[in-house]
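Undergrad: Sequential numbering of the sequence shown, starting at 0, is according to numbering that gives the first Met the number 0. Ideal placement from N, C-alpha and C gives every residue a C-beta, glycine not left out. The model shown is predicted, which means the values in this text are computed figures rather than measured ones. Pasting in a structure now, in structure tokens, and then I'll have a few things to ask.
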Amino acid sequence: MTISVLSVLLLVAWPVFNIVLGGYAAWVATASERRRARGEAAGSAGRADGDPVTPESFWIVVPCLNEERVVGRTVRSALALAAPGASTNVLVIDDGSDDCTTLVLSGIAEPGLHVLRRRLPEARQGKGEALNAAYAYISRWTRNAGQDPRRVVVGVIDGDGRGSENLLAEVQRSLANPRLGAVQARVRIHNRNKLLGAVQDLEFACVADASQTVRSRLGSVGLGGNGQFARLSALQELGSAPWSDCLVEDLELGLRMHLRGIGIGYVWRASITQQGVTDVRRLLRQRTRWAQGNLQCIRYLPELSASPQIRSHSFLEMAYYLISPWLSALSSAVAVLMWGYALVQAAIGTSPLFGGSAALGAAAGLVATVLPGLAWAVLHRVRLRDERLSRCLLAGVTYPAFLLLGLASTWRALARQATGRSGWAKTERLAEEPVLAMA
Numbered sequence: 000m001t002i003s004v005l006s007v008l009l010l011v012a013w014p015v016f017n018i019v020l021g022g023y024a025a026w027v028a029t030a031s032e033r034r035r036a037r038g039e040a041a042g043s044a045g046r047a048d049g050d051p052v053t054p055e056s057f058w059i060v061v062p063c064l065n066e067e068r069v070v071g072r073t074v075r076s077a078l079a080l081a082a083p084g085a086s087t088n089v090l091v092i093d094d095g096s097d098d099c100t101t102l103v104l105s106g107i108a109e110p111g112l113h114v115l116r117r118r119l120p121e122a123r124q125g126k127g128e129a130l131n132a133a134y135a136y137i138s139r140w141t142r143n144a145g146q147d148p149r150r151v152v153v154g155v156i157d158g159d160g161r162g163s164e165n166l167l168a169e170v171q172r173s174l175a176n177p178r179l180g181a182v183q184a185r186v187r188i189h190n191r192n193k194l195l196g197a198v199q200d201l202e203f204a205c206v207a208d209a210s211q212t213v214r215s216r217l218g219s220v221g222l223g224g225n226g227q228f229a230r231l232s233a234l235q236e237l238g239s240a241p242w243s244d245c246l247v248e249d250l251e252l253g254l255r256m257h258l259r260g261i262g263i264g265y266v267w268r269a270s271i272t273q274q275g276v277t278d279v280r281r282l283l284r285q286r287t288r289w290a291q292g293n294l295q296c297i298r299y300l301p302e303l304s305a306s307p308q309i310r311s312h313s314f315l316e317m318a319y320y321l322i323s324p325w326l327s328a329l330s331s332a333v334a335v336l337m338w339g340y341a342l343v344q345a346a347i348g349t350s351p352l353f354g355g356s357a358a359l360g361a362a363a364g365l366v367a368t369v370l371p372g373l374a375w376a377v378l379h380r381v382r383l384r385d386e387r388l389s390r391c392l393l394a395g396v397t398y399p400a401f402l403l404l405g406l407a408s409t410w411r412a413l414a415r416q417a418t419g420r421s422g423w424a425k426t427e428r429l430a431e432e433p434v435l436a437m438a
């Protein structure tokens with residue numbers, strides 16, 4: 000009986016957690032919009048302009064390895080981004096490409112474009128090393144120009160990334176807060192016409208967005224590989240190599256910033272879009288790398304726990320996020336065992352739950368499994384309004400299967416970590432339609 004009751008509690012906790020998380024994020028967004036509207040009506044919107052650390056120069060770094068299919072559109076999109084009173088430069092790190100990436104870049108004649116070509120054997124040492132090369136380049140440029148590193152912002156947009164028109168303006172507004180040294184932008188999927196892409200958009204635009212919204216309140220916002228922006232001065236506090244060879248160098252960068260007391264904010268009004276992985280095998284490989292990267296970062300837990308810069312509730316959230324691969328693997332195994340036992344008990348009539356009906360218990364399990372995805376689908380439609388409700392609901396119904404894929408990647412990550420395998424493979428891009436030259 001006890002196991003059956005625990006099974007039901009576990010079943011109920013899953014949808015309740017998701018609904019509460021999504022509802023809280025929606026409430027925060029609504030309250031924030033009202034505060035902004037009141038502030039602008041009162042004429043306070045321009046206070047950031049007078050802040051002594053308001054960014055005046057943006058460098059968008061595009062790490063690039065064999066990106067001929069997407070880099071042209073990405074670079075042109077990045078060059079078009081702007082913020083009030085600030086300059087925009089785009090630095091492409093051609094990390095030893097052997098396709099037509101170099102040819103595509105040579106066809107873009109814009110004064111704000113810089114291309115740093117890395118050759119073997121220095122090239123292809125991982126995304127972290129490519130970003131460190133960009134950091135060194137921008138540091139020299141800033142020093143030679145006599146600019147204040149606090150006013151220079153380094154952003155990372157992957158080869159398939161596209162920033163929304165207001166991206167830099169929102170980042171600038173957020174970094175006007177002198178307590179922040181970095182911000183992470185909301186992430187979207189631009190090839191969400193495919194079902195698997197639509198599910199990933201649900202994951203990033205709603206689930207991850209809600210989590211980051213909570214983290215912004217707790218002081219534990221994490222940085223992502225796409226859409227991260229940091230003051231040059233904040234990166235300089237981390238030494239000559241801010242990024243590492245970790246499989247999730249973005250997550251590790253954020254942890255190191257938190258340890259130094261550098262605040263990280265979250266920008267949800269603007270977004271960065273990227274290609275979703277629409278092949279199940281490649282998606283499993285990508286998520287395995289992410290999960291294993293989390294496992295690599297667990298070594299920071301003692302340092303995070305002892306740091307006077309990190310409050311207790313912030314540490315608890317960071318710790319949960321870092322050990323989530325282990326928790327997911329354990330909880331999945333426990334859930335299968337507990338629910339299997341509960342259904343068997345119901346089938347043989349020894350459990351009073353669901354009136355002893357195994358069919359009723361299975362139906363309850365199905366509802367609880369599907370309900371969170373449907374709730375996120377409705378939230379997607381209400382907040383973003385750029386997809387049909389039917390499309391969102393289809394993604395929501397598919398969401399549980401997507402989570403099962405995540406569990407599989409977690410188990411694979413555990414096996415790779417246990418056997419000492421830490422190699423990585425770059426996610427292959429999909430071909431996109433040709434990009435017209437800018438006028």
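For G224 and D157, which I take to be in contact (beta-carbon distance under 8 Å), what is that distance rounded to the nearest angstrom?
TA: Here residue 224 refers to the residue found at position 225 of the sequence shown. Here residue 157 refers to the residue found at position 158 of the sequence shown. Right, their Cβ atoms sit about 6 Å apart.
Undergrad: Check the C-beta distance from S219 over to E316 and give it rounded, since I have them as a contact under 8 Å.
TA: Counting from one through the sequence shown, the residue named residue 219 turns up at place 220. Counting from one through the sequence shown, the residue named residue 316 turns up at place 317. Correct: roughly 5 Å between the Cβ atoms.
Undergrad: Would you mind giving the Cβ-Cβ distance between S408 and L283, rounded to the nearest angstrom? I have them listed as a contact below 8 Å.
TA: Locating residue 408 in the sequence shown gives position 409, counting from the first residue. Locating residue 283 in the sequence shown gives position 284, counting from the first residue. The Cβ separation is near 5 Å, so the contact holds.
Undergrad: Is the CB of G372 under 8 Å away from at least one CB in chain D?
TA: Among the protein chains of the structure shown there is no chain D, as only one such chain exists.
Undergrad: To the nearest angstrom, report how far apart A24 and R382 are at their CA atoms.
TA: Within the sequence shown, residue 24 is the residue found at index 25, counting from 1. Within the sequence shown, residue 382 is the residue found at index 383, counting from 1. Distance between the alpha carbons of A24 and R382: 10 Å.
Undergrad: Consult DSSP for V91 and reduce its assignment to one of helix, strand or coil.
TA: As a position in the sequence shown, residue 91 is number 92, starting the count at 1. Strand at V91.
Undergrad: Check the C-beta distance from V152 over to P54 and give it rounded, since I have them as a contact under 8 Å.
TA: Locating residue 152 in the sequence shown gives position 153, where the first residue counts as 1. Locating residue 54 in the sequence shown gives position 55, where the first residue counts as 1. With 8 Å as the limit, V152 and P54 qualify as a contact, their Cβ atoms being about 5 Å apart.
Undergrad: Quick one: Cα of R268 to Cα of A209, how far?
TA: Along the sequence shown, read from residue 1 onward, the residue named residue 268 stands at position 269. Along the sequence shown, read from residue 1 onward, the residue named residue 209 stands at position 210. For R268 and A209, the distance between alpha carbons rounds to 13 Å.
Undergrad: Could you tell me if G221 is buried or exposed, where buried requires 16 or more neighbouring beta carbons within 10 angstroms of its beta carbon?
TA: On the sequence shown, residue 221 is found 222 positions in, with the first residue counted as 1. It is buried - the Cβ of G221 has at least 16 other Cβ atoms within 10 Å.
Undergrad: Check the DSSP bridge columns for W26 and list the partner residues they point to.
TA: Numbered from its first residue, the sequence shown carries residue 26 at position 27. Residue pairing by DSSP places W26 opposite no residue, since no beta bridge is assigned to it.
Undergrad: Sorted by chain position, which residues of the same chain lie with C-beta nearer than 6 Å to V69's C-beta, five sequence neighbours on each side aside?
TA: Numbered from its first residue, the sequence shown carries residue 69 at position 70. Once the five neighbours on either side are set aside, the close Cβ partners of V69 are G158, D159, R428, E431.
Undergrad: Short check: CB of G364 to CB of W242, under 8 Å?
TA: Indexing the sequence shown from 1 puts residue 364 at position 365. Indexing the sequence shown from 1 puts residue 242 at position 243. Cβ distance not < 8 Å, so G364 and W242 don't count as in contact.
Undergrad: Less than 6 Å between C-beta atoms, sequence neighbours within five positions excluded: which residues of the same chain meet that for D82?
TA: If you number the sequence shown from 1, residue 82 lands on position 83. Looking at the sequence provided, one finds Ala at residue 82 rather than Asp. The answer, listed in chain order, is L167, A168, Q171.
Undergrad: If we call anything under 8 Å between Cβ atoms a contact, is L392 one with L373?
TA: The sequence position of residue 392 within the sequence shown is 393, counting from 1. The sequence position of residue 373 within the sequence shown is 374, counting from 1. Cβ distance < 8 Å, so L392 and L373 count as in contact.
Undergrad: Ignore the nearest five residues each way along the sequence and tell me which others in L130's own chain have a CB closer than 8 Å to its CB.
TA: Locating residue 130 in the sequence shown gives position 131, counting from the first residue. So the qualifying residues of the chain are V60, P62, I92, V155, P241, W242, E248.
Undergrad: Within its chain, find whatever has a CB closer than 6 Å to the CB of S86; leave out the 5 residues flanking it on each side and keep chain order.
TA: In the sequence shown, the residue the question calls residue 86 occupies position 87. Excluding residues within five positions, the ones whose Cβ falls inside 6 Å are S56.
Undergrad: When you compare the CB positions of R187 and F203, do they come within less than 8 Å of one another, or not?
TA: As a first step, residue 187 must be located in the sequence shown, where it is residue number 188. As a first step, residue 203 must be located in the sequence shown, where it is residue number 204. Yes, they are a contact pair.
Undergrad: Here's the rule: buried if 16 or more other CB atoms are within 10 angstroms of the residue's CB, otherwise exposed. What is S96?
TA: Reading the sequence shown from its first residue, position 97 is the one you call residue 96. With 16 or more other Cβ atoms within 10 Å, it is buried.
Undergrad: When DSSP labels each residue in this structure, what does G140 get in the three-state scheme?
TA: Counting from one through the sequence shown, the residue named residue 140 turns up at place 141. The question names Gly, but residue 140 in the sequence shown is Trp. Helix.
Undergrad: Can you tell me where the beta strand (DSSP E) with S239 in it begins and where it stops?
TA: Here residue 239 refers to the residue found at position 240 of the sequence shown. Where S239 is concerned, there is no enclosing beta strand (DSSP E), given that its DSSP letter is neither H nor E.
Undergrad: I believe F401 touches V198 by the beta-carbon criterion, under 8 Å. Please report the beta-carbon distance rounded to the nearest angstrom.
TA: The residue labelled residue 401 in the question sits at position 402 within the sequence shown. The residue labelled residue 198 in the question sits at position 199 within the sequence shown. That pair is a contact at about 5 Å.
Undergrad: Specify the secondary structure class of A181 as computed by DSSP and reduced to three states.
TA: Within the sequence shown, residue 181 is the residue found at index 182, counting from 1. Three-state result, A181: strand.
Undergrad: Please classify Q273: does DSSP put it in a helix, a strand, or coil?
TA: In the sequence shown, residue 273 corresponds to position 274, counting from 1. Three-state result, Q273: strand.
Undergrad: Determine whether the beta carbon atoms of D94 and R75 lie at a separation below 8 Å.
TA: Position 95 of the sequence shown, counting from 1, holds the residue named residue 94. Position 76 of the sequence shown, counting from 1, holds the residue named residue 75. Not a contact, by the Cβ cut-off of 8 Å.
Undergrad: Give a yes or no on whether the C-beta atoms belonging to R230 and R286 are separated by under 8 Å.
TA: Looking up residue 230 in the sequence shown gives position 231. Looking up residue 286 in the sequence shown gives position 287. Not a contact, by the Cβ cut-off of 8 Å.
Undergrad: Cα separation between P120 and A132?
TA: Sequence index remark: in the sequence shown, residue 120 carries index 121 (1-based). Sequence index remark: in the sequence shown, residue 132 carries index 133 (1-based). Near 14 Å, if we compare the C-alpha coordinates of A132 and P120.
Undergrad: Going by DSSP, what residue range makes up the beta strand (DSSP E) through G154?
TA: Walking along the sequence shown from the start, residue 154 turns up at place 155. First-last of the beta strand (DSSP E) with G154: 151-155.
Undergrad: Specify the secondary structure class of H189 as computed by DSSP and reduced to three states.
TA: Taking the first residue of the sequence shown as position 1, residue 189 is located at position 190. Residue state, collapsed to three classes: coil.
Undergrad: Look at I309 and L179 and say whether their C-beta atoms are less than 8 Å apart.
TA: Locating residue 309 in the sequence shown gives position 310, where the first residue counts as 1. Locating residue 179 in the sequence shown gives position 180, where the first residue counts as 1. Going by C-beta atoms, I309 is not nearer than 8 Å to L179.
Undergrad: In or out: D98 buried (at least 16 other Cβ within 10 Å) or exposed?
TA: Here residue 98 is taken as the residue at index 99 of the sequence shown, counted from 1. Exposed, by the Cβ-count rule.
Undergrad: Short check: CB of E67 to CB of T29, under 8 Å?
TA: Taking the sequence shown and counting its residues from 1, the one referred to as residue 67 is at position 68. Taking the sequence shown and counting its residues from 1, the one referred to as residue 29 is at position 30. Not a contact, by the Cβ cut-off of 8 Å.
Undergrad: Below 7 Å CB to CB, which residues in the same chain sit around A44 once its five sequence neighbours on both sides are set aside?
TA: Translated into the one-based positions of the sequence shown, residue 44 becomes position 45. Caution is warranted here: a pLDDT of 42 is assigned to A44, below 50, making its placement in the model unreliable, and the coordinate value is therefore given only provisionally. Hits under 7 Å: G38.
Undergrad: State buried or exposed for E302, treating a residue as buried only when at least 16 other CB atoms are found within 10 Å of its CB.
TA: By one-based count along the sequence shown, residue 302 stands at place 303. With fewer than 16 other Cβ atoms from the protein chains shown falling within 10 Å of its own Cβ, E302 counts as exposed.
Undergrad: Ignoring anything shorter than 4 residues or poking outside the segment 47-89, list the alpha helix (DSSP H) runs there in chain order.
TA: 70-78
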